[in-house]
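First the structure, in the form of structure tokens, and then the observations on it.
4 protein chains.
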Amino acid sequence: MGDHGESAALLAGLSGALTASGHRLMARVYYADTDFSGVVYHARYLEFLERGRSDYLRLTGVHHTELADGKHGEKIVWVVRRMEIDFRSPARIDDILTVDTRTQEISGARIFMAQQLKRGEEVLVEAKVEAAIIGENGRPRRFPREWVAAFMPKSPTSAG
Amino acid sequence: MGDHGESAALLAGLSGALTASGHRLMARVYYADTDFSGVVYHARYLEFLERGRSDYLRLTGVHHTELADGKHGEKIVWVVRRMEIDFRSPARIDDILTVDTRTQEISGARIFMAQQLKRGEEVLVEAKVEAAIIGENGRPRRFPREWVAAFMPKSPTSAG
Amino acid sequence: MGDHGESAALLAGLSGALTASGHRLMARVYYADTDFSGVVYHARYLEFLERGRSDYLRLTGVHHTELADGKHGEKIVWVVRRMEIDFRSPARIDDILTVDTRTQEISGARIFMAQQLKRGEEVLVEAKVEAAIIGENGRPRRFPREWVAAFMPKSPTSAG
Amino acid sequence: MGDHGESAALLAGLSGALTASGHRLMARVYYADTDFSGVVYHARYLEFLERGRSDYLRLTGVHHTELADGKHGEKIVWVVRRMEIDFRSPARIDDILTVDTRTQEISGARIFMAQQLKRGEEVLVEAKVEAAIIGENGRPRRFPREWVAAFMPKSPTSAG
Numbered sequence: 208m209g210d211h212g213e214s215a216a217l218l219a220g221l222s223g224a225l226t227a228s229g230h231r232l233m234a235r236v237y238y239a240d241t242d243f244s245g246v247v248y249h250a251r252y253l254e255f256l257e258r259g260r261s262d263y264l265r266l267t268g269v270h271h272t273e274l275a276d277g278k279h280g281e282k283i284v285w286v287v288r289r290m291e292i293d294f295r296s297p298a299r300i301d302d303i304l305t306v307d308t309r310t311q312e313i314s315g316a317r318i319f320m321a322q323q324l325k326r327g328e329e330v331l332v333e334a335k336v337e338a339a340i341i342g343e344n345g346r347p348r349r350f351p352r353e354w355v356a357a358f359m360p361k362s363p364t365s366a367g
Numbered sequence: 208m209g210d211h212g213e214s215a216a217l218l219a220g221l222s223g224a225l226t227a228s229g230h231r232l233m234a235r236v237y238y239a240d241t242d243f244s245g246v247v248y249h250a251r252y253l254e255f256l257e258r259g260r261s262d263y264l265r266l267t268g269v270h271h272t273e274l275a276d277g278k279h280g281e282k283i284v285w286v287v288r289r290m291e292i293d294f295r296s297p298a299r300i301d302d303i304l305t306v307d308t309r310t311q312e313i314s315g316a317r318i319f320m321a322q323q324l325k326r327g328e329e330v331l332v333e334a335k336v337e338a339a340i341i342g343e344n345g346r347p348r349r350f351p352r353e354w355v356a357a358f359m360p361k362s363p364t365s366a367g
Numbered sequence: 208m209g210d211h212g213e214s215a216a217l218l219a220g221l222s223g224a225l226t227a228s229g230h231r232l233m234a235r236v237y238y239a240d241t242d243f244s245g246v247v248y249h250a251r252y253l254e255f256l257e258r259g260r261s262d263y264l265r266l267t268g269v270h271h272t273e274l275a276d277g278k279h280g281e282k283i284v285w286v287v288r289r290m291e292i293d294f295r296s297p298a299r300i301d302d303i304l305t306v307d308t309r310t311q312e313i314s315g316a317r318i319f320m321a322q323q324l325k326r327g328e329e330v331l332v333e334a335k336v337e338a339a340i341i342g343e344n345g346r347p348r349r350f351p352r353e354w355v356a357a358f359m360p361k362s363p364t365s366a367g
Numbered sequence: 208m209g210d211h212g213e214s215a216a217l218l219a220g221l222s223g224a225l226t227a228s229g230h231r232l233m234a235r236v237y238y239a240d241t242d243f244s245g246v247v248y249h250a251r252y253l254e255f256l257e258r259g260r261s262d263y264l265r266l267t268g269v270h271h272t273e274l275a276d277g278k279h280g281e282k283i284v285w286v287v288r289r290m291e292i293d294f295r296s297p298a299r300i301d302d303i304l305t306v307d308t309r310t311q312e313i314s315g316a317r318i319f320m321a322q323q324l325k326r327g328e329e330v331l332v333e334a335k336v337e338a339a340i341i342g343e344n345g346r347p348r349r350f351p352r353e354w355v356a357a358f359m360p361k362s363p364t365s366a367g
């Protein structure tokens with residue numbers, strides 16, 4: 208194993224892509240995501256949402272490891288402050304989910320994101336996420352100005 | 208191994224207990240619940256909350272296996288429809304969490320529950336959960352009258 | 208959102224690819240996979256391994272949903288019977304892991320697979336997995352002849 | 208809520224108990240532990256096993272937080288090096304599992320533990336676990352002499 212061309216193809220969608228309104232990632236539902244009711248366990252949807260947010264950060268140049276390594280003067284971690292989640296319709300094993308993430312607002316030390324999990328065009332889960340970055344003292348930090356620019360969509364768009 | 212008296216002690220708090228306002232369970236934070244930021248991963252709090260709701264059902268006489276086995280005329284599963292979650296303060300490894308659950312309202316085919324995760328008296332996570340029961344056709348079912356009685360607190364209480 | 212060309216790129220590596228010796232998938236490490244020690248939680252490696260096996264099945268034409276739907280005469284599920292796992296070196300957040308899976312042997316109702324999780328060329332986790340398929344009565348079933356052909360590597364190769 | 212006598216009962220079995228041959232913990236199977244095949248997802252058994260090992264450490268006086276806080280001269284974390292796991296029979300939702308853990312051998316920087324997950328007297332999962340403690344430099348450390356005494360069973364016993 209180990210053909211490099213092959214690896215390039217395998218890596219293609221791994222971090223998703225920036226879109227006009229934010230970020231899009233596609234991800235598969237596996238055994239591990241389901242529960243005995245036959246569909247995805249409700250808390251596992253939050254992991255798909257986290258992947259979308261993490262890859263959105265990644266593609267805008269913000270890496271968790273760099274944050275934790277103190278590149279910004281001190282160790283910084285992201286924390287989720289609040290979520291509102293509507294579980295509209297269940298995802299099932301083998302499904303391919305689209306994770307759409309966009310920033311709604313950045314206000315001082317808080318960022319508000321809107322996320323959707325979709326199967327094709329059908330919205331399965333919709334979430335509003337309020338997050339913050341905190342420093343070593345556990346206190347929220349203001350978002351650096353360049354991040355605000357990176358996370359805010361270029362133009363007002365309606366779709367999620 | 209296998210002393211029965213010993214086992215009784217080990218089983219003591221396993222399903223929590225019914226309280227004046229609902230249900231209380233205590234649970235430990237393990238490695239599996241944490242993430243690299245050093246505290247509990249946000250989606251894992253939802254598992255603690257699920258344990259509280261499941262054991263609340265259990266102690267009121269509603270068992271997931273019986274529901275799934277069709278004791279009520281058809282296979283029934285619980286589904287979470289919506290959650291609002293405030294992550295106020297992080298839980299850490301080795302912490303003992305208190306999971307308090309109470310029913311706020313039952314309305315036709317929907318139940319609204321309020322839950323708190325606490326460490327001692329400190330509220331770490333607060334959640335509002337809207338759930339429903341659905342039958343084999345995927346449609347919501349009304350809650351049986353005896354369940355409404357079982358889930359609604361005996362008296363109006365203020366604490367969570 | 209919703210450009211179709213874009214979606215094609217995002218889907219590219221989603222199920223990995225069949226290789227000369229078996230199957231290869233690439234996957235990212237997220238917050239959810241880590242624990243407070245700073246690296247991936249040991250049980251989460253098993254989820255990456257499951258993804259590799261599930262996608263290997265998928266690309267050879269075996270779908271969990273079809274199995275469960277009774278396409279083969281009755282409901283069939285895969286069960287893991289035994290695992291030997293060497294956790295050699297830790298994976299970290301943001302890492303891209305390669306999941307290599309190959310079949311070592313199929314013997315009646317059992318399949319033996321060898322799997323590796325790698326970061327670049329470094330082997331982080333090595334696993335031997337014995338699995339079986341069971342029918343509705345809970346008893347193991349022999350693997351259909353066409354599956355044996357699909358799962359066994361075309362030629363004897365040494366690499367994992 | 209908040210009666211102290213009630214809390215004592217709820218806390219009773221929370222860390223399990225030391226036994227003649229090691230440690231025993233009882234734990235419930237919830238929705239989160241299961242997958243769409245209807246039984247516990249194989250990787251989740253490892254979380255039950257981790258709880259057993261963590262509480263065994265706890266009751267012998269070893270706390271993860273203290274280890275991580277550098278009480279022993281530097282930050283120490285436990286790492287699992289190798290597991291052999293036999294998944295004999297599935298656990299189901301609502302099941303109460305017994306997690307039995309005993310030390311087989313401590314050799315320099317490695318500890319070998321044998322674990323069983325049981326439902327009643329039936330052994331569902333059997334595991335051999337090789338673990339180590341590593342310091343800040345990522346290198347294994349020898350087990351302190353007092354730990355060796357704490358982890359080794361008082362008398363040779365046969366049961367798990």
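Chains as they are written, first to last, in the numbering used here: chain E, 208 to 367; chain G, 208 to 367; chain Y, 208 to 367; chain D, 208 to 367. Cβ atoms here follow ideal geometry from the backbone N, Cα and C, with glycine treated the same way.
query	result
C-beta contact flag for residue 368 of chain Y and residue 311 of chain Y at 7 Å	The question about residue 368 of chain Y has no answer, for chain Y in this structure spans 208 to 367.
Interface flag, residue 279 of chain G vs chain E, CB-CB below 7 Å	no
Residue burial classification, residue 278 of chain E (beta-carbon count within 10 angstroms, cutoff 16)	exposed
Interface positions of the segment 289-311 of chain E facing chain G (Cβ-Cβ less than 7 Å), listed along the chain	289, 290, 291, 292, 293, 294
Chain Y residues whose Cβ lies nearer than 7 Å to that of residue 346 of chain E	Going along chain Y, no residue has its Cβ under 7 Å from residue 346 of chain E, so there is no contact; the nearest lies around 20 Å.
Beta strand (DSSP E) runs wholly inside the segment 210-274 of chain G, at least 3 long, in chain order	230-235
Unbroken beta strand (DSSP E) run spanning residue 319 of chain E, endpoints	317-326
Buried versus exposed, by CB contacts within 10 Å (16 or more), residue 229 of chain G	buried
Rounded C-alpha distance that separates residue 261 of chain G from residue 280 of chain Y	35 Å
CB contact check: residue 239 of chain Y to chain G, cutoff 7 Å	yes
Contact set between the segment 221-238 of chain D and chain G, restricted to residues whose Cβ is under 9 Å from the partner	221, 222, 223, 224, 226, 227, 228, 229, 231, 232, 233, 234, 235, 237, 238
Neighbour flag for residue 253 of chain Y against chain D, beta carbons, 7 Å	yes
Residue from G/265, G/288, G/269 whose Cα sits closest to the Cα of residue 337 of chain G	G/288
Same chain, Cβ closer than 6 Å to residue 305 of chain E, neighbours up to 5 away in sequence not counted	233, 325
Identity of the residue in G/290, G/295, G/294, G/298 nearest residue 295 of chain E by Cα	G/290
Nearest to residue 368 of chain E (by Cα), restricted to the options E/286, E/357, E/303	Nothing about residue 368 of chain E can be read from this structure; chain E reaches only from 208 to 367.
Anticipated Cβ contact below 8 Å, residue 358 of chain G with residue 243 of chain Y, distance rounded	Contact doesn't hold; Cβ gap of about 36 Å is too wide.
Span of the beta strand (DSSP E), counted from its first residue to its last, around residue 337 of chain E	329-341
Chain G within 7 Å of residue 250 of chain E, Cβ atoms only	yes
Among D/249, D/354, D/283, nearest to residue 318 of chain D - alpha-carbon criterion	D/354
Cβ neighbours of residue 246 of chain D in the same chain (closer than 8 Å, five flanking residues each side left out)	297, 298, 299
As assigned by DSSP and simplified to three states, the class of residue 358 of chain E	helix
Residues of its chain near residue 222 of chain G, where Cβ-Cβ distance is below 7 Å and the 5 sequence neighbours each way are ignored	262, 265, 266
Cβ-based neighbour list, residue 240 of chain E, same chain, cut-off 6 Å, excluding 5 preceding and 5 following	247, 251
Test: residue 363 of chain E CB closer than 7 Å to a CB of chain Y	Any reading at residue 363 of chain E must be qualified, since the residue scores a pLDDT of 48, below 50, and its modelled position is unreliable; the value itself is stated next. False, the Cβ-Cβ gap to chain Y never drops below 7 Å.
Short CB-CB distance (under 7 Å) between residue 287 of chain D and chain Y	yes
Proximity to residue 351 of chain D [Cα-Cα], best of D/302, D/274, D/331, D/327	D/274
Beta-carbon proximity check, residue 283 of chain G vs residue 342 of chain G, cutoff 7 Å	yes
Pair within 7 Å by beta-carbon distance, residue 327 of chain E and residue 219 of chain Y	no
C-beta contact flag for residue 237 of chain D and residue 258 of chain G at 7 Å	yes
Contacts around residue 269 of chain G, its chain only, beta-carbon distance under 7 Å, and the 5 residues preceding and following it disregarded	354
Whole-angstrom distance between residue 340 of chain G and residue 301 of chain D, CA atom to CA atom	18 Å
Residues that residue 284 of chain Y contacts on chain D, provided the C-beta gap is smaller than 9 Å	243, 244, 245, 246
Under 7 Å between C-beta atoms of residue 276 of chain G and residue 333 of chain G	no
Inter-residue spacing [alpha-carbon to alpha-carbon] between residue 314 of chain G and residue 249 of chain E	22 Å
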